[in-house]
């Protein structure tokens, strides 16, 4: 059996970090098992689904390093869902219900007042032909419920019916179908809810493992029953914990600041996002994996906590810095070139500045500082301006290397008596226009003697 997983977003908005967690769990699981990854767009809501959102999701996944083996859209598969619905109807497992939302709510409250579980009582199964015709004469359209197999002979006499599965993430799980209402599969307007199309797709696409958020644990029991009602063996299931904001708020497409698109546009490193999305809320230490192979080696589904994990965007900054500090020039070269950083000094420049970057775009700022003389005059006192001019007299002859800064400042220190911040800060400001930044031992050879002398004048 080929391991086949799927990620099934709705193209009704941008995916956020929580969605990315699910996508990455599936992608890494497939990668570790030489499997396939299917991207399935749950776009049966034709009014809210947008092509631009679908394209954005593909772009976001590619940025994270996820390339699907197959892409399908539910909007092209309604015939398959209709066929499955008719099969269930013919078997007496999908039945019409005419209650209004208000009537259902009233029944729910009555059951609660009697200390009974608020599950649907299958009253629609008792409707006579005359009652059904009367409802339809009123203009009521039925919604359709799946008859759960939680009884022996009498559907009004439910009994404990346990559904078991060995969860890929959570271990052994049990759901009692008697504690659940028969799920609505088709709305009164004829549109499908998530459940039936998802099961049909999983059957047709040969999905072997369904890995998703733990808010779907209860749904799994009903879905397993639908798989079996359609004559199919259910896939394996895995349910990972969910992410929340730092304040504990659930993530949604309205949490725009945590959308993958916004994080990408903010210059966060893709592997920082992937590493935190996967490793947070697990027993593994959160580290910045350099690539997907390294992250796959760290990915252990069963190490995931059962409690929700708080996602702090500030951690992305730390991980991004670590990635940039460790990034070989060969890996950074194409991105640097896009910033205009190229030529024979590009490698030496990268080595000089990478330890002080928060974002790759910061490299462009420092490239401009090296190549365009800054104006530090307003930041230097009269004494400091005189000091840096005197320091120019002690510049050594070229060629310059990593030791030149040390040799030069030692000579300036001996001549001026300055030391520490009083020695180094005026020189840094004069040479870069900044009070902080990369080590000048790396920048000085890039400036060269003539440019350094000009900046000290």
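In this note's numbering, the protein residues as written are 2 to 458.
All residues carry an ideal CB built from backbone N, CA and C; glycine is no exception.
Which value, in whole angstroms, describes the spacing of the CA atoms of residue i and residue j?
{"i": "residue 94", "j": "residue 222", "result": "16 Å"}
{"i": "residue 59", "j": "residue 114", "result": "49 Å"}
{"i": "residue 181", "j": "residue 220", "result": "9 Å"}
{"i": "residue 146", "j": "residue 361", "result": "53 Å"}
{"i": "residue 342", "j": "residue 448", "result": "15 Å"}
{"i": "residue 336", "j": "residue 356", "result": "17 Å"}
{"i": "residue 416", "j": "residue 354", "result": "29 Å"}
{"i": "residue 391", "j": "residue 425", "result": "14 Å"}
{"i": "residue 14", "j": "residue 345", "result": "44 Å"}
{"i": "residue 81", "j": "residue 132", "result": "31 Å"}
{"i": "residue 209", "j": "residue 331", "result": "38 Å"}
{"i": "residue 79", "j": "residue 90", "result": "16 Å"}
{"i": "residue 86", "j": "residue 265", "result": "41 Å"}
{"i": "residue 53", "j": "residue 404", "result": "54 Å"}
{"i": "residue 104", "j": "residue 244", "result": "35 Å"}
{"i": "residue 218", "j": "residue 199", "result": "15 Å"}
{"i": "residue 408", "j": "residue 451", "result": "17 Å"}
{"i": "residue 338", "j": "residue 366", "result": "13 Å"}
{"i": "residue 327", "j": "residue 202", "result": "42 Å"}
{"i": "residue 184", "j": "residue 136", "result": "21 Å"}
{"i": "residue 242", "j": "residue 282", "result": "7 Å"}
{"i": "residue 437", "j": "residue 364", "result": "14 Å"}
{"i": "residue 160", "j": "residue 39", "result": "38 Å"}
{"i": "residue 427", "j": "residue 276", "result": "40 Å"}
{"i": "residue 1", "j": "residue 128", "result": "In the structure as shown, the chain begins at 2 and stops at 458. Residue 1 is therefore absent and cannot be evaluated."}
Would you check if the distance between the CB atom of residue i and the CB atom of residue j is smaller than 9 Å?
{"i": "residue 237", "j": "residue 169", "result": "yes"}
{"i": "residue 204", "j": "residue 233", "result": "yes"}
{"i": "residue 239", "j": "residue 3", "result": "no"}
{"i": "residue 74", "j": "residue 41", "result": "yes"}
{"i": "residue 32", "j": "residue 293", "result": "yes"}
{"i": "residue 311", "j": "residue 246", "result": "yes"}
{"i": "residue 329", "j": "residue 401", "result": "no"}
{"i": "residue 23", "j": "residue 214", "result": "yes"}
{"i": "residue 43", "j": "residue 10", "result": "yes"}
{"i": "residue 267", "j": "residue 150", "result": "no"}
{"i": "residue 274", "j": "residue 18", "result": "yes"}
{"i": "residue 305", "j": "residue 419", "result": "no"}
{"i": "residue 188", "j": "residue 156", "result": "no"}
{"i": "residue 397", "j": "residue 433", "result": "no"}
{"i": "residue 20", "j": "residue 6", "result": "no"}
{"i": "residue 349", "j": "residue 443", "result": "yes"}
{"i": "residue 406", "j": "residue 380", "result": "no"}
{"i": "residue 98", "j": "residue 125", "result": "yes"}
Comparing C-alpha positions only, which one of the options sits nearest to residue i?
{"i": "residue 37", "options": "45, 25 and 373", "result": "25"}
{"i": "residue 455", "options": "418, 389, 442 and 104", "result": "389"}
{"i": "residue 301", "options": "279, 151 and 156", "result": "279"}
{"i": "residue 352", "options": "339, 117 and 333", "result": "333"}
{"i": "residue 197", "options": "228, 325, 423 and 177", "result": "228"}
{"i": "residue 68", "options": "317, 29 and 51", "result": "29"}
{"i": "residue 309", "options": "216, 34, 369 and 84", "result": "216"}
{"i": "residue 194", "options": "112, 270 and 76", "result": "76"}
{"i": "residue 120", "options": "142, 158, 84 and 154", "result": "158"}
{"i": "residue 313", "options": "249, 303, 413 and 49", "result": "249"}
{"i": "residue 462", "options": "270, 176 and 251", "result": "Limits of the chain in this structure are 2 at one end and 458 at the other, which puts residue 462 out of reach."}
{"i": "residue 235", "options": "97, 55 and 165", "result": "165"}
Note the first and the last residue of the continuous alpha helix (DSSP H) segment covering residue i.
{"i": "residue 14", "result": "Element bounds for residue 14: n/a, residue is neither H nor E."}
{"i": "residue 409", "result": "405–417"}
{"i": "residue 265", "result": "261–266"}
{"i": "residue 113", "result": "102–114"}
{"i": "residue 457", "result": "441–457"}
{"i": "residue 331", "result": "330–339"}
{"i": "residue 369", "result": "362–372"}
{"i": "residue 127", "result": "Counting along the chain, residue 127 falls outside any alpha helix (DSSP H), and DSSP gives it neither H nor E."}
{"i": "residue 424", "result": "422–433"}
{"i": "residue 226", "result": "218–230"}
Residue i bridges to which residues according to DSSP?
{"i": "residue 167", "result": "173"}
{"i": "residue 5", "result": "37"}
{"i": "residue 283", "result": "305"}
{"i": "residue 74", "result": "42"}
{"i": "residue 213", "result": "240"}
{"i": "residue 311", "result": "245"}
{"i": "residue 251", "result": "245"}
{"i": "residue 193", "result": "187"}
Is residue i near the ligand MG, in the sense that its beta carbon is under 8 Å from a heavy atom of that ligand?
{"i": "residue 336", "result": "Summarising the ligand content, the structure contains no ligands, and the ligand MG is consequently not present."}
Residue range of the beta strand (DSSP E) that residue i falls in?
{"i": "residue 120", "result": "It is not in any beta strand (DSSP E) - residue 120 carries neither H nor E in the DSSP assignment."}
{"i": "residue 146", "result": "144–147"}
{"i": "residue 185", "result": "185–187"}
{"i": "residue 96", "result": "95–98"}
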